[in-house]
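Protein chains in written order, with my numbering: chain A, 40 to 328; chain B, 204 to 433.
The C-beta atom is built at its ideal place from N, Cα and C for all residues, glycine as well.
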């Protein structure tokens with residue numbers, strides 16, 4: 040494969056030209072294909088075509104999942120949301136792409152197309168290594184399928200960045216829990232951006248939650264498991280220690296907003312006054328910047 | 204794919220054809236260097252500061268949908284079949300200002316002025332898209348989320364965003380734009396080549412599959428079209 044045909048939003052590709060002065064060769068623009076522009080609500084999933092703008096995608100997502108509202112607002116500026124696509128964000132596969140943690144936690148599947156053949160792949164299996172995806176030569180992302188909410192599920196996504204909008208995340212997190220009839224956690228999908236070379240699930244963290252009641256003890260056990268999942272980098276946006284600490288704190292924030300024993304459970308988001316949460320140095324990976 | 208044809212779009216009351224620009228020539232380079240329409244500024248060159256904000260128009264059903272984009276990171280083929288509006292286009296009469304511009308002046312919302320054309324375009328798109336009442340503060344904040352001002356400050360700009368609605372309404376005539384866009388919609392899909400580079404804008408999945416077979420090394424530009432959605 041020469042210059043790969045992996046899809047990328049023009050809001051990224053534009054910079055390869057304007058800033059890196061890269062010769063990107065021939066281009067194929069996706070904005071003309073109606074099949075890639077549709078948003079369809081199926082019985083069990085919301086289908087978003089790969090060339091749907093971020094703005095239009097968020098306008099479809101937020102009414103179904105209000106938990107996306109802040110992320111949608113802070114994802115990027117309006118002109119970038121008008122020009123960029125959810126499909127491009129996903130296909131470009133940046134380790135700090137803001138949509139992927141939430142989409143992975145929600146169990147999103149991608150429909151890929153090569154010639155006349157299509158296949159489905161779970162988004163979490165799409166990322167192989169730093170900016171390498173499962174796309175084969177000539178294959179492209181046709182659509183995303185996001186499973187619709189089911190009763191009893193708990194879901195939140197958080198973006199940590201220095202500016203309100205238009206900033207690249209230091210850490211982006213998403214949490215999804217489902218409990219069984221006894222109130223024990225039966226499904227846990229937790230995904231982070233900014234913590235590894237790819238958007239990635241926190242498998243050890245999830246394992247620490249399975250079969251337990253969703254309470255402070257479970258949340259703290261999950262925080263303690265996080266360093267086994269990630270060894271984040273230090274860069275211009277945040278130190279490794281900050282990232283590790285923040286990731287654990289976001290998990291506690293998720294607990295604070297959703298668990299029955301939490302001080303802020305049931306309060307509208309943003310109104311909760313829960314006070315500072317103490318995290319042990321051990322839970323924070325022992326590293327303090 | 205169809206035979207090669209120029210990139211075609213609506214701009215300044217007429218249809219334009221571009222047949223000699225490389226496929227990664229940006230809309231801002233086209234405006235400032237080719238057309239000498241220098242109202243749109245280059246600040247950051249990476250879609251962050253918004254000094255280059257322009258508005259694109261597309262057909263949406265029978266109507267026209269307008270949305271802001273950063274001209275510095277949009278390539279010319281992305282204009283194909285669309286209408287392009289810049290800060291030079293918003294005043295309805297020569298010598299007069301659009302209400303959005305007049306409000307910026309009245310509220311002292313422009314100081315060094317470099318960011319001003321971008322703010323005007325963001326507010327103009329909102330003014331045109333939302334004609335059934337004044338936007339609230341949060342809607343204004345969202346509309347100008349892609350515009351940075353580093354000397355005036357945002358308070359007078361927010362004031363201008365409100366004050367524009369107190370001035371006599373001024374909306375442009377959409378019919379000539381709609382007629383031009385309908386005419387552009389009858390063109391075959393874009394297959395463009397110039398200066399050793401090529402670009403295409405397929406209209407069907409099978410055309411896209413064919414393009415990927417023909418050009419296995421091509422870069423897929425996953426740009427959006429606002430209006431086909433829903």
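- Taking the Cα positions, residue 289(B) is about 33 Å away from residue 181(A).
- Counting along the chain, residue 211(A) sits inside the beta strand (DSSP E) bounded by residues 210–218.
- At a cut-off of 8 Å between beta carbons, residue 117(A) contacts chain B.
- For residue 278(B), the closest Cβ of chain A is nearer than 8 Å.
- Taken in chain order, the unbroken stretches of alpha helix (DSSP H) that lie wholly in the stretch 267–300 of chain A and span 4 residues or more are 279–297.
- Pairwise C-beta distances place the stretch 313–320 of chain B out of contact with the stretch 86–93 of chain A, as fewer than three of them are shorter than 8 Å.
- Here residue 134(A) is not near residue 279(A), since their CB atoms are 8 Å or more apart.
- Contact note: residue 198(A) does not reach chain B at a C-beta cutoff of 7 Å; the least C-beta distance is about 14 Å.
- It is roughly 51 Å from the alpha-carbon of residue 212(B) to the alpha-carbon of residue 297(A).
- Residue 209(A) is not a Cβ neighbour of residue 148(A), given a cutoff of 8 Å.
- Judged by DSSP in its simplified three-state form, residue 397(B) adopts strand.
- Here the C-alpha atom of residue 280(B) lies approximately 8 Å from the C-alpha atom of residue 68(A).
- Contact note: residue 290(B) does not reach chain A at a C-beta cutoff of 9 Å; the least C-beta distance is about 14 Å.
- 95(A) is the residue among 190(A), 95(A), 201(A) and 229(A) whose C-alpha sits nearest the C-alpha of residue 270(B).
- Boundaries around residue 319(B) are those of the alpha helix (DSSP H), 319–332, since no beta strand (DSSP E) includes it.
- Assignment of beta-bridge partners to residue 197(A) by DSSP yields 212(A).
- Proximity to residue 74(A) across 81(A), 64(A) and 91(A) peaks at 91(A), based on C-alpha coordinates.
- Close to residue 205(A), with beta-carbon spacing below 8 Å, are these residues of chain B in chain order: 251, 348 and 349.
- The beta carbon of residue 419(B) sits closer than 8 Å to some beta carbon of chain A.
- Annotation for residue 271(B): the continuous beta strand (DSSP E) segment containing it runs 266–273.
- Along the stretch 401–425 of chain B, the positions whose C-beta sits under 7 Å from a C-beta of chain A are 401, 402, 403, 404, 405, 406, 407, 408, 411, 412, 414, 415, 416, 418, 419, 420, 421, 422, 423, 424 and 425, read in chain order.
- Secondary structure note for residue 246(A): its alpha helix (DSSP H) is the uninterrupted segment 242–248.
- A straight-line Cα-Cα distance of about 6 Å links residue 273(B) and residue 257(B).
- Residue pairing for residue 81(A): DSSP places it in no beta bridge.
- For the options 287(B), 355(B) and 215(B), the alpha carbon positioned closest to that of residue 322(B) is the one of 355(B).
- In this structure residue 402(B) touches residue 65(A) by the C-beta definition: roughly 6 Å separates them, less than 8 Å.
- Taking one beta carbon from each stretch, the stretch 118–128 of chain A and the stretch 247–256 of chain B have 3 or more pairs nearer than 8 Å; the two touch.
- Residue 212(B) sits in a strand when the DSSP states are folded into three classes.
- Chain B has a Cβ within less than 8 Å of the Cβ of residue 66(A).
- Interface flag for residue 275(B) against chain A is set, since a Cβ pair is found closer than 8 Å.
- Residue 187(A) and residue 103(A) do touch by the CB rule: their CB atoms are close to 7 Å apart, below 8 Å.
- Residues of chain B whose Cβ lies closer than 9 Å to the Cβ of residue 101(A) do not exist; the shortest such Cβ separation is about 12 Å.
- By the rule that beta-carbons nearer than 8 Å mark a contact, residue 72(A) touches chain B.
- In this structure, DSSP gives residue 347(B) a state outside helix and strand, which the three-state scheme calls coil.
- For the pair residue 299(A) and residue 289(A), the Cα-to-Cα distance works out to about 17 Å.
- When beta bridges are read from the DSSP output, residue 368(B) appears opposite no residue.
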